[in-house]
Amino acid sequence: MIKITNLSKFYGKNQVLNAIDLEFEKGKVYGIVGENGAGKTTLFRCISGLETYKGDIQSDFKKLKDHLGLLLTEPFFFSKITGKEYIQLLANARSIEITDMEKGNIFDLPLEQYASTYSTGMKKKLALTAILLQENKVFILDEPFNGVDIQSNLIISRIISKLKDLDKTVIISSHIFSTLAETCDEIFLMKDGEIIRKVKQADFNKLETEMKAFTIGNRIDMLDLK
Amino acid sequence: MKTYFELQFKMFNRNIIAFGLPLLIAYTLIPSVFIIISNYLFSKTEFASYLYIFVALGFISKSSEPKRNDFLKSIYNKMDYFKLRAVENLIYSLPFLIFLAYKGLYLYIIALSILAISMTVFNFNTNLNITIPTPFGKKPFEFTVGFRKTFFIFPMAYFLTYISIEVGNFNLGVFSMVMIGITCMSYYSKIENEYFVWSYNVSSKEFLSEKVKTGLLNFSLLSLPSLMALGIFFFNEIGILLIVLFTCYLYLVTIIFAKYASFPKEMNISQGILIAGSLLFPPILLFIAPFFYSQSIKRLNSLLE
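First to last, the protein sequences are chains A and B. Taking UniProt numbering, I'd label the letters of the first sequence as residues 1 to 226. Taking UniProt numbering, I'd label the letters of the second sequence as residues 1 to 305.
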């Protein structure tokens, strides 16, 4: 279990996270939704230990980061590293030996090519493959469905369900509500660095309707399109 | 088009400022360095004018990147696009054209101008994407990436070793060893994204120790052919050879520690000065290296502990 208490984050005087309290349990999938700049990525970076913060983050592990697979919105790649070597690098980092890399290549990526030449979707799939092969206990997936083709979206959804069955904790952020509704047990709505709502599976449809009404409102009319 | 060039000028200035140079100094320094190098080139070889055009075209070729030009095509009509590219290529070649005029090489000016304008028609990728095989694929990333970028240096260094044995010049052999050492050290000049440090489930000490082990082992492998050949053919100088090898090890370790001493930022000026100063008296590294080590541990602790 991961327990976040009174988590706040400032960049200079700018407060980006404000007194967040959250709990993530084993064998459950959590979704975080919110507009761009709501603080989702900063929250993930704090949980991962990539940012300093005020407040408390506790987990069942001595060091949470050693059991955490983090998929960044835009994964970083070195210029002359092949897909295979990227996976090897992340496996080495966790002292994992990969005996058959092709078997783990579920997205049929061209692993002998430089990863930096991959398309956005392929890069995301490679980064996801690498963290899955790390045998992590907790997964934070920041926008896992972005830029990925429909077939791979289906595979990713299935992977998330499988991780849940394996008693792993999965935290996802996405702008595609339908995919979140399909995979999550609970969704947290973020706005201006705060969790403004926690919604259980039974109320997902209600949340989607509310979000549409709130997000779209009369904005399109304001454009005065001709 | 005017807006485009104004923006390019602003971007250029911003890059200079981001590099840490005041604009006034940069605009004095860049032309001065350019003139010094050009003069040096023309004083050293009779083929300088050909080489000069070749360098200029290499410089201009950067504006032929397909992605960038597809973007320009999407915002300008065909005529404006070609005009813009022609003007841009002429601006890039302007310093070379002025220097050729100063040298009175008018035929070369015409040739370079025609080539620069002709290149507006071509779009090509200046980065080759062929996967170069590397013996370091099992332990990414410094030597994997570095070897692919500098693989041509090693045959050159081994060839120098061979020449040094052929002509009986031990110093040239030492130079070939140092060349391999400096190349390997350069692999640690670029700082990696913090994600790749964060991913490790080891302590800061273990992380650094692993980096040092990999660095020393891979450098040893790359320098082994030169070392063995020089050791056999200059057996009397083996002591000096081992001192060179040990000094290379020491510099490599120091540079690894220096890299992480300011992590996730690039190596700073004071670190550079310390390392450069050690060239005057290398044993000082025995004091600098532990200092960088303790700083690295502090920096890495925030991500790994």
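Virtual Cβ for every residue (Gly too), placed ideally from N, Cα, C.
In or out: residue i buried (at least 16 other Cβ within 10 Å) or exposed?
{"i": "Arg219 of chain A", "result": "exposed"}
{"i": "Ile100 of chain A", "result": "According to the sequence provided, residue 100 of chain A is Asp. The question's Ile does not apply to it. Result: exposed."}
{"i": "Glu88 of chain B", "result": "buried"}
{"i": "Ile169 of chain A", "result": "The identity of residue 169 of chain A in the sequence shown is Thr, whereas the question assumes Ile. By the 10 Å Cβ count, Thr169 of chain A comes out buried."}
{"i": "Ser48 of chain A", "result": "buried"}
{"i": "Ile167 of chain B", "result": "Checking the sequence, you will find Val at residue 167 of chain B rather than Ile. It is exposed - the Cβ of Val167 of chain B has fewer than 16 other Cβ atoms within 10 Å."}
{"i": "residue 301 of chain A", "result": "Nothing can be reported for residue 301 of chain A: it is not among the residues displayed for chain A, which extend from 1 to 226."}
{"i": "Leu51 of chain B", "result": "exposed"}
{"i": "Glu85 of chain A", "result": "buried"}
{"i": "Gly69 of chain A", "result": "buried"}
{"i": "Lys85 of chain B", "result": "Per the sequence presented here, residue 85 of chain B reads as Arg, with Lys not at that position. Buried: at least 16 other Cβ atoms inside 10 Å."}
{"i": "Gly146 of chain B", "result": "buried"}
{"i": "Leu89 of chain A", "result": "buried"}
{"i": "Ile114 of chain B", "result": "exposed"}
{"i": "Gly31 of chain A", "result": "buried"}
{"i": "Gly27 of chain A", "result": "exposed"}
{"i": "Gly39 of chain A", "result": "buried"}
{"i": "Ala261 of chain B", "result": "buried"}
{"i": "Tyr27 of chain B", "result": "exposed"}
{"i": "Met122 of chain A", "result": "buried"}
{"i": "Gln271 of chain B", "result": "buried"}
{"i": "Lys211 of chain B", "result": "buried"}
{"i": "Thr120 of chain A", "result": "exposed"}
{"i": "Ala213 of chain A", "result": "exposed"}
Give the straight-line distance between the Cα atoms of residue i and residue j, rounded to the nearest whole angstrom.
{"i": "Thr183 of chain B", "j": "Val174 of chain B", "result": "14 Å"}
{"i": "Leu300 of chain B", "j": "Phe263 of chain B", "result": "7 Å"}
{"i": "Asn146 of chain A", "j": "Leu109 of chain A", "result": "17 Å"}
{"i": "Val17 of chain B", "j": "Asp165 of chain A", "result": "The question names Val, yet the displayed sequence has Ile at residue 17 of chain B. Approximately 53 Å, taken between the alpha carbons."}
{"i": "Lys259 of chain B", "j": "Met267 of chain B", "result": "6 Å"}
{"i": "residue 257 of chain A", "j": "Thr5 of chain A", "result": "The displayed coordinates of chain A run from 1 to 226. Any statement about residue 257 of chain A would go beyond what the structure contains."}
{"i": "Thr161 of chain B", "j": "Glu51 of chain A", "result": "49 Å"}
{"i": "Pro155 of chain B", "j": "Glu142 of chain B", "result": "20 Å"}
{"i": "Lys2 of chain B", "j": "Gln8 of chain B", "result": "10 Å"}
{"i": "Phe136 of chain B", "j": "Ser220 of chain B", "result": "13 Å"}
{"i": "Asp66 of chain A", "j": "Leu207 of chain A", "result": "34 Å"}
{"i": "Lys139 of chain B", "j": "Gly104 of chain A", "result": "19 Å"}
{"i": "Leu141 of chain A", "j": "Arg158 of chain A", "result": "14 Å"}
{"i": "Val148 of chain A", "j": "Thr129 of chain A", "result": "13 Å"}
{"i": "Tyr4 of chain B", "j": "Phe19 of chain B", "result": "22 Å"}
{"i": "Thr120 of chain B", "j": "Phe82 of chain B", "result": "6 Å"}
{"i": "Pro282 of chain B", "j": "Val244 of chain B", "result": "11 Å"}
{"i": "Leu23 of chain B", "j": "Gln201 of chain A", "result": "58 Å"}
{"i": "Met179 of chain B", "j": "Ala157 of chain B", "result": "7 Å"}
{"i": "Ile171 of chain A", "j": "Phe139 of chain A", "result": "6 Å"}
{"i": "Phe12 of chain B", "j": "Glu6 of chain B", "result": "10 Å"}
{"i": "Glu305 of chain B", "j": "Leu241 of chain B", "result": "40 Å"}
{"i": "Glu35 of chain A", "j": "Tyr195 of chain B", "result": "24 Å"}
{"i": "Ser278 of chain B", "j": "Ile269 of chain B", "result": "14 Å"}
Flag residue i as yes when its Cβ comes closer than 7 Å to any non-hydrogen atom of the ligand FAD, and as no otherwise.
{"i": "Phe59 of chain B", "result": "The model depicted lacks the ligand FAD and carries no ligand whatsoever."}
**Prompt:** Taking contact to mean at least 3 C-beta pairs separated by less than 8 Å, is the region 184 to 202 of chain B in contact with the region 92 to 108 of chain A?
**Reply:** yes
**Prompt:** Does the region 243 to 251 of chain B come close enough to the region 205 to 223 of chain B to have 3 or more Cβ pairs within less than 8 Å?
**Reply:** yes
**Asked** Listed from N- to C-terminal order along the chain, which residues in the region 92 to 117 of chain A have their beta-carbon within a distance smaller than 8 Å of any beta-carbon of chain E?
**Response** The chain inventory of the structure shown lacks chain E, comprising the protein chains A and B.
**Message:** Check whether the region 81 to 91 of chain A and the region 114 to 125 of chain A touch, using three or more Cβ-Cβ pairs below 8 Å as the test.
**Reply:** yes
**Asked** Looking at chain B, which residues of the region 143 to 161 of chain A have a Cβ within less than 9 Å of any of its Cβ atoms?
**Response** none
**Message:** Which runs of the beta strand (DSSP E) at least 3 residues long sit entirely within the region 150 to 215 of chain A? Give them in chain order.
**Reply:** Runs of beta strand (DSSP E) with 3 or more residues, each lying fully within the region 150 to 215 of chain A, are found at 169 to 173, 186 to 191, 194 to 200, listed in chain order.
**Item:** Complete runs of the alpha helix (DSSP H) confined to the region 6 to 76 of chain A [at least 4 residues]
**Value:** 40 to 48
**Prompt:** Taking the runs of the beta strand (DSSP E) that are 3 residues or longer, which of them lie wholly in the region 93 to 157 of chain A?
**Reply:** 138 to 142
**Prompt:** Taking any Cβ of chain A, which residues in the region 138 to 159 of chain B have a Cβ under 8 Å from it, in chain order?
**Reply:** Residues Lys138, Lys139, Pro140, Phe141, Thr144, Val145, Arg148, Lys149.
**Message:** Is it the case that the region 182 to 194 of chain A contacts the region 19 to 35 of chain A, given that we only count it when at least three CB pairs across the two stretches are under 8 Å?
**Reply:** yes
**Prompt:** Which runs of the beta strand (DSSP E) fall wholly inside the region 145 to 174 of chain B and span at least 3 residues, in chain order?
**Reply:** none
**Request:** Return the chain-ordered ranges of every alpha helix (DSSP H) run that is complete within the region 70 to 117 of chain B and spans a minimum of 4 residues.
**Result:** Counting only runs of 4 or more, we get 78 to 102.
**Item:** Near-chain B residues of the region 125 to 140 of chain A (beta-carbon distance less than 7 Å), N- to C-terminal order
**Value:** none
**Request:** Scan the region 43 to 54 of chain B for residues whose Cβ lies nearer than 8 Å to a Cβ of chain A and list them as they occur along the chain.
**Result:** none
**Asked** Using a Cβ cut-off of 9 Å, which residues of the region 40 to 63 of chain A contact any Cβ in chain B, in chain order?
**Response** Ser48, Gly49, Leu50, Thr52, Lys63
**Request:** Compile a chain-ordered list of the residues in the region 247 to 272 of chain B whose CB is closer than 9 Å to at least one CB of chain A.
**Result:** none
**Request:** For the region 225 to 264 of chain B, list the alpha helix (DSSP H) runs that are entirely contained and at least 4 residues long, ordered along the chain.
**Result:** 238 to 261
**Asked** Along the region 187 to 210 of chain A, what residues have a CB closer than 7 Å to any CB found in chain B?
**Response** none
**Asked** Taking a cut of 8 Å between CB atoms, which residues from the region 76 to 90 of chain A lie near chain B?
**Response** Phe76, Phe78, Ser79, Lys80, Ile81, Thr82, Lys84, Glu85, Tyr86, Gln88, Leu89, Leu90
**Request:** Give the residues from the region 64 to 75 of chain A that approach chain B closer than 7 Å (Cβ to any Cβ), ordered along the chain.
**Result:** Lys65, Asp66, Leu72
**Item:** Contiguous alpha helix (DSSP H) assignments of at least 4 residues, all confined to the region 23 to 79 of chain B
**Value:** Segments of the alpha helix (DSSP H) lying fully in the region 23 to 79 of chain B: 23 to 44, 48 to 60, 66 to 75.
**Item:** Positions along the region 180 to 193 of chain B whose CB lies within less than 7 Å of some CB in chain A
**Value:** Asn193
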